[in-house]
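K.L.:
2 protein chains.
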Amino acid sequence: MFDCVALVGATGAVGRIVLDQLHARKFPMRKLRLLASARSAGTKVRFGDEEITVELLEPTAFEGVDLVIASTPDEVSAEFAKWAVDAGAVVVDESAYWRMDPSVPLVIPEVNPDAVNNHQGIIASPNCSTTQMVVALAPIHRAVGIRRVIVSTYQATSGAGLAGNVELESSTKAALGGEPHKPETFQHPIGFNLIPQIGSEKHKGYTSEEMKMVYETQKILGDDTIAVCPTAVRVPVAIGHSESILIETKEPLTAAKAREIWEQADGVTVVDDLDNQSYPMPRDCDGHDDVFIGRIREDISSDCGIAFWCVSDNLRKGAATNAVQIAELLARKHAEKQQTA
Amino acid sequence: MFDCVALVGATGAVGRIVLDQLHARKFPMRKLRLLASARSAGTKVRFGDEEITVELLEPTAFEGVDLVIASTPDEVSAEFAKWAVDAGAVVVDESAYWRMDPSVPLVIPEVNPDAVNNHQGIIASPNCSTTQMVVALAPIHRAVGIRRVIVSTYQATSGAGLAGNVELESSTKAALGGEPHKPETFQHPIGFNLIPQIGSEKHKGYTSEEMKMVYETQKILGDDTIAVCPTAVRVPVAIGHSESILIETKEPLTAAKAREIWEQADGVTVVDDLDNQSYPMPRDCDGHDDVFIGRIREDISSDCGIAFWCVSDNLRKGAATNAVQIAELLARKHAEKQQTA
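Chains as they are written, first to last, in UniProt numbering: chain A, 1 to 341; chain B, 1 to 341.
(1) Does DSSP put B/M1 in a helix, in a strand, or in coil?
(2) Note down, in chain order, each residue of its chain lying with its Cβ closer than 6 Å to the Cβ of A/E94, except the 5 sequence neighbours on either side.
(3) For chain B, check one thing: does any of its Cβ atoms lie closer than 7 Å to the Cβ of A/E179?
(4) Out of B/A87, B/V111, B/H119 and B/P109, which one is the CA nearest neighbour of residue 418 of chain B?
(5) Apart from the five residues just before and just after A/C229, which ones in its own chain have a Cβ nearer than 6 Å to its Cβ?
(6) According to DSSP, is A/L253 part of a helix, a strand, or is it coil?
(7) Which ranges does the beta strand (DSSP E) cover as unbroken runs of at least 3 residues, wholly within the segment 35-72 of chain B, from first to last along the chain?
(8) Could you name the residues of chain B that A/E201 contacts, counting a contact when the two beta carbons are closer than 7 Å?
(9) Rounded to the nearest angstrom, how far is the Cβ of A/A156 from that of A/P282, given a contact under 8 Å?
(10) Can you look up A/K26 in the DSSP assignment and give me helix, strand or coil?
(11) Three or more C-beta pairs closer than 8 Å, one from the segment 269-282 of chain A and one from the segment 170-189 of chain A: is that the case here?
(12) Comparing alpha-carbon positions, which option in B/A327, B/K26, B/F47 and B/L57 lies nearest B/S40?
(13) Going by C-alpha to C-alpha distance, which of B/L315, B/T11, B/D86 and B/A136 sits closest to B/L246?
(14) Using alpha carbons as the reference points, say which of A/R295, A/N193, A/A256 and A/V85 lies closest to B/I195.
(15) Can you tell which of B/A265, B/G12 and B/G287 has the C-alpha that lies nearest to the C-alpha of B/I140?
(16) With 7 Å as the threshold, decide whether the Cβ of B/G205 is near any Cβ in chain A.
(17) Using a beta-carbon distance below 7 Å, is B/I150 in contact with chain A?
(18) By Cβ distance, which residues of its chain are closer than 7 Å to B/L329, with the 5 residues on each side in sequence left out?
(19) Output needed for B/V92: all residues of its chain with C-beta closer than 6 Å, excluding positions within five of it in sequence on either side, in chain order.
(20) Residue range of the beta strand (DSSP E) that A/I146 falls in?
(21) Mark B/T103 as exposed unless 16 or more other C-beta atoms lie within 10 angstroms of its C-beta, in which case mark it buried.
(22) Note down, in chain order, every chain A residue with its Cβ under 8 Å from the Cβ of B/H188.
(23) If you draw a straight line from the C-alpha of A/S301 to the C-alpha of B/L221, how long is it?
(24) So B/F2 and B/A331 are in contact, right, with Cβ under 8 Å, and what is the actual spacing, rounded?
(25) Please tell me whether A/A238 has its Cβ less than 7 Å away from any Cβ of chain B.
(26) In angstroms, rounded to a whole number, what distance separates the CA positions of B/Y154 and A/V233?
(27) How is B/D273 classed by DSSP in three states: helix, strand or coil?
(28) Find the nearest neighbour of A/F308 within the set A/K250, A/D273, A/G178 and A/Q339, judged by alpha-carbon distance.
(29) Run through DSSP, which three-state label would B/H288 get?
(30) For B/D224, would you say it is in contact with chain A, using Cβ-to-Cβ distances shorter than 7 Å as the test?
(31) Buried or exposed, going by whether 16 or more other CB atoms sit within 10 Å of the CB of B/T60?
(32) Is B/T231 close to chain A? Criterion is C-beta to C-beta, closer than 7 Å.
(33) Which of the three DSSP states is assigned to A/P139 in this structure?
(34) So for A/G305, helix, strand or coil by DSSP?
(35) DSSP has B/Y206 in a bridge; who is on the other side?
(36) So A/V235 packs on B/V311, CB below 8 Å; how close in whole Å?
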């Protein structure tokens with residue numbers, strides 16, 4: 001059991017869910033501290049029967065902290081993570097800042113749990129679009145090998161935090177009322193619209209969000225030869241990222257075999273009965289921790305491929321749940337060490 | 001000039017736009033008749049300064065009619081088209097019923113205008129998702145050859161007619177108010193949701209809508225070797241279908257060259273400046289006749305491919321505009337014949 005866990009960014013869209021999950025999953029800790037920027041410091045946040053006062057995130061804040069779970073913007077993580085590591089804590093970080101650092105493991109517990117063993121104080125949780133895709137890819141990759149992935153995303157507004165959902169609602173209401181609406185969080189009005197840009201231009205016309213799906217997938221699966229062609233699109237959905245994915249496998253794979261593999265995979269729920277209009281949809285996946293897979297079929301444009309549709313709650317498995325699962329891995333290791341000592 | 005043109009299905013979502021376009025484009029005809037089912041027969045519809053009374057669609061309705069433009073459900077087309085052809089009319093049909101009939105040309109005027117010459121009374125206009133995709137594919141296919149197409153669609157509710165948009169609005173309002181909503185037009189609630197099913201199961205787990213994009217693409221481009229892997233998804237957008245498309249070309253093609261080809265292509269507008277957040281979006285394409293292309297980039301998962309994003313008003317180029325353009329081809333041929341005679 002950890003003596004003290006700190007949650008950084010507890011008042012954000014993801015932080016709130018981390019808090020719920022720590023409580024619901026009875027995370028083994030004696031004390032929980034909440035840290036945030038000056039704007040939120042001093043506010044009180046409910047944790048089960050307790051009320052915890054949010055403390056200021058500052059260099060001296062991590063004294064006595066064993067484990068940090070953090071959901072903050074990249075630039076915040078760039079600064080505080082070192083304070084925490086210097087104070088002797090291990091940081092599970094959800095920002096993009098540390099993910100591609102060679103000394104930082106990038107972990108999905110169902111996929112590469114052993115990677116946590118090699119940390120130097122920081123462990124990163126992947127991008128939300130990447131996480132749900134790689135949960136789906138990993139068991140197929142283990143079974144027959146994946147050569148190439150073509151993915152088009154349908155990403156929810158909550159990927160941009162609470163402000164994203166506020167803007168989805170205001171933009172939708174403005175459109176319904178025939179009124180103008182000035183976007184602030186997104187580049188363009190999102191109500192009844194699609195925005196084929198998430199992040200900014202990063203590489204050869206691909207955005208930063210798209211390139212995360214390339215680099216992070218290769219790092220988590222430990223295979224730089226996997227080719228990925230991503231297109232990331234924001235859609236007017238509040239919670240739940242969806243992905244249309246085509247994988248080219250190294251060996252042929254029937255749809256039935258792929259379905260069987262996914263039915264047995266950790267963290268995956270198969271919802272796949274087209275005749276009965278049953279397949280994953282954001283509305284149904286909102287609030288669930290699994291990655292949902294449906295529309296499983298053989299690629300009719302090649303001899304070696306599987307096409308499928310994948311939905312997951314981007315705030316949960318895409319962020320909060322995955323981070324808490326990494327923390328649970330660390331807690332088990334910590335308990336083993338305590339028993340040995 | 002045609003003596004008499006009949007519009008079948010004038011009161012539907014597409015029929016209304018056909019009517020507008022016939023007027024706006026000054027279609028060469030002396031008389032326009034409107035035909036519809038008993039439900040709409042007798043109603044009056046404005047056409048420019050005229051008011052036209054909708055007549056009943058019945059076997060004897062096509063006497064004296066030279067040209068029919070029809071936007072009806074498949075089963076209606078299956079019946080009336082023969083009445084029209086027997087009466088000596090040429091039918092431009094927007095339903096799916098005749099498209100794959102070997103004796104029926106399937107025409108996109110920018111792509112295969114000469115196909116109209118071989119009709120036997122019926123000419124079909126393609127599926128809305130197919131049309132915009134093939135307008136984009138054709139000039140690339142002519143330049144370097146296309147081997148394979150992987151496409152994920154983001155389809156507007158108006159693809160299901162006026163009822164689709166009514167349901168988008170009611171479903172969205174119910175969701176905003178936290179009230180239940182029983183879908184009627186779609187399989188599931190569409191407000192703030194995605195439905196990865198359009199049509200019913202047709203072939204190996206692909207839906208009828210998806211298989212249209214395979215068969216119709218091959219027929220229009222006159223090349224059965226083009227492989228297509230489609231995923232069709234309904235999104236909460238009223239007007240404008242969007243598509244994330246990856247094409248594998250027979251010869252390498254740079255993004256710059258692809259952009260140049262599309263900039264010179266008929267019926268295409270390139271909107272492609274990611275740095276300035278400029279790309280096609282449904283909101284901007286609503287009410288326009290062109291196919292809009294952006295996010296043009298080389299496939300980073302292969303040596304021979306182009307990824308892009310394509311949006312078009314599904315009621316216009318996807319339906320009404322394409323049918324009127326086919327009718328204009330026929331009008332030019334008719335005029336030439338009249339001059340020769």
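Positions of the beta carbon are idealized from the N, C-alpha and C atoms, including for glycine.
P.N.:
In short, the structure shows the following:
(1) Taking the second sequence and counting its residues from 1, one reaches residue 1 of chain B at position 1. In the structure shown, B/M1 sits in coil (DSSP, three-state: anything other than H, G, I, E or B).
(2) Indexing the first sequence from 1 puts residue 94 of chain A at position 94. Within the same chain, A/E94 has close Cβ partners S71, S125, A319 and A323.
(3) Here residue 179 of chain A corresponds to residue number 179 of the first sequence, with the count starting at 1. It does not; no Cβ of chain B falls within 7 Å.
(4) For residue 418 of chain B there is no data in the structure shown, the boundaries of chain B being 1 and 341.
(5) On the first sequence, residue 229 of chain A is found 229 positions in, with the first residue counted as 1. Closer than 6 Å at the Cβ level, and outside the excluded window around A/C229, lie I150.
(6) Numbered from its first residue, the first sequence carries residue 253 of chain A at position 253. Three-state DSSP puts A/L253 in coil, outside helix and strand.
(7) 44-47, 50-53 and 67-70
(8) Mapped onto the first sequence, residue 201 of chain A falls at position 201. Per Cβ cutoff of 7 Å: L274 and D275.
(9) Against the first sequence, residue 156 of chain A aligns to sequence position 156. Against the first sequence, residue 282 of chain A aligns to sequence position 282. At roughly 6 Å, the Cβ-Cβ gap stays under 8 Å, so A/A156 and A/P282 are in contact.
(10) Stepping through the first sequence from its first residue, residue 26 of chain A is reached at position 26. In the structure shown, A/K26 sits in coil (DSSP, three-state: anything other than H, G, I, E or B).
(11) no
(12) Position 40 of the second sequence holds residue 40 of chain B. Per the Cα distances, B/L57.
(13) Indexing the second sequence from 1 puts residue 246 of chain B at position 246. Of B/L315, B/T11, B/D86 and B/A136, the residue nearest in Cα terms is B/A136.
(14) Within the second sequence, the letter at position 195 stands for residue 195 of chain B. For B/I195, the nearest C-alpha among the options comes from A/R295.
(15) The residue labelled residue 140 of chain B in the question sits at position 140 within the second sequence. It is B/A265.
(16) As a first step, residue 205 of chain B must be located in the second sequence, where it is residue number 205. True, the Cβ-Cβ gap to chain A drops below 7 Å.
(17) Start at 1 with the first residue of the second sequence, and residue 150 of chain B comes out as number 150. Yes, its Cβ sits closer than 7 Å to a Cβ of chain A.
(18) For the purposes of this step, residue 329 of chain B is identified with residue 329 of the second sequence, where counting begins at 1. Cβ neighbours of B/L329 beyond the five flanking positions: P109, P113 and V116.
(19) Taking the second sequence and counting its residues from 1, one reaches residue 92 of chain B at position 92. Same-chain partners within the cutoff: I69, I123, A323, I326 and A327.
(20) Counting from one through the first sequence, the residue named residue 146 of chain A turns up at place 146. Taken as a continuous stretch (DSSP letters only), the beta strand (DSSP E) holding A/I146 covers I146 to Y154.
(21) Counting from one through the second sequence, the residue named residue 103 of chain B turns up at place 103. Sequence inspection shows Ser at residue 103 of chain B; the Thr mentioned does not correspond to that position. Label assigned to B/S103: exposed.
(22) By 1-based counting over the second sequence, the position of residue 188 of chain B is 188. What B/H188 touches in chain A: Q277, M281 and R283.
(23) As a working note, residue 301 of chain A is residue 301 in the first sequence. As a working note, residue 221 of chain B is residue 221 in the second sequence. So the alpha carbons of these two residues sit roughly 16 Å apart.
(24) Counting from one through the second sequence, the residue named residue 2 of chain B turns up at place 2. Counting from one through the second sequence, the residue named residue 331 of chain B turns up at place 331. About 6 Å separates the two Cβ atoms, so the contact holds.
(25) The residue you call residue 238 of chain A lines up with position 238 of the first sequence. For A/A238, the answer is yes, since a Cβ of chain B falls inside 7 Å of its Cβ.
(26) For this step, residue 154 of chain B is matched to residue 154 along the second sequence. For this step, residue 233 of chain A is matched to residue 233 along the first sequence. One C-alpha to the other measures close to 10 Å.
(27) Residue mapping note: residue 273 of chain B aligns to position 273 of the second sequence, counting from 1. Strand, per DSSP.
(28) Against the first sequence, residue 308 of chain A aligns to sequence position 308. Among A/K250, A/D273, A/G178 and A/Q339, the Cα nearest to that of A/F308 is on A/D273.
(29) Within the second sequence, residue 288 of chain B is the residue found at index 288, counting from 1. Reduced to three states, the DSSP call for B/H288 is coil.
(30) Taking the first residue of the second sequence as position 1, residue 224 of chain B is located at position 224. No, B/D224 does not count as interfacial toward chain A.
(31) For the purposes of this step, residue 60 of chain B is taken as residue 60 along the second sequence, with counting starting at 1. Counting Cβ neighbours within 10 Å, B/T60 comes out exposed, since fewer than 16 surround it.
(32) Within the second sequence, the letter at position 231 stands for residue 231 of chain B. It does; some Cβ of chain A falls within 7 Å.
(33) The residue labelled residue 139 of chain A in the question sits at position 139 within the first sequence. Helix.
(34) Within the first sequence, numbered from 1, the residue matching residue 305 of chain A stands at position 305. DSSP places A/G305 in strand when its eight states are reduced to three.
(35) As a position in the second sequence, residue 206 of chain B is number 206, starting the count at 1. Paired residues: B/H203.
(36) Your numbering for residue 235 of chain A matches position 235 in the first sequence. Your numbering for residue 311 of chain B matches position 311 in the second sequence. With 8 Å as the limit, A/V235 and B/V311 do not qualify as a contact, their Cβ atoms being about 13 Å apart.
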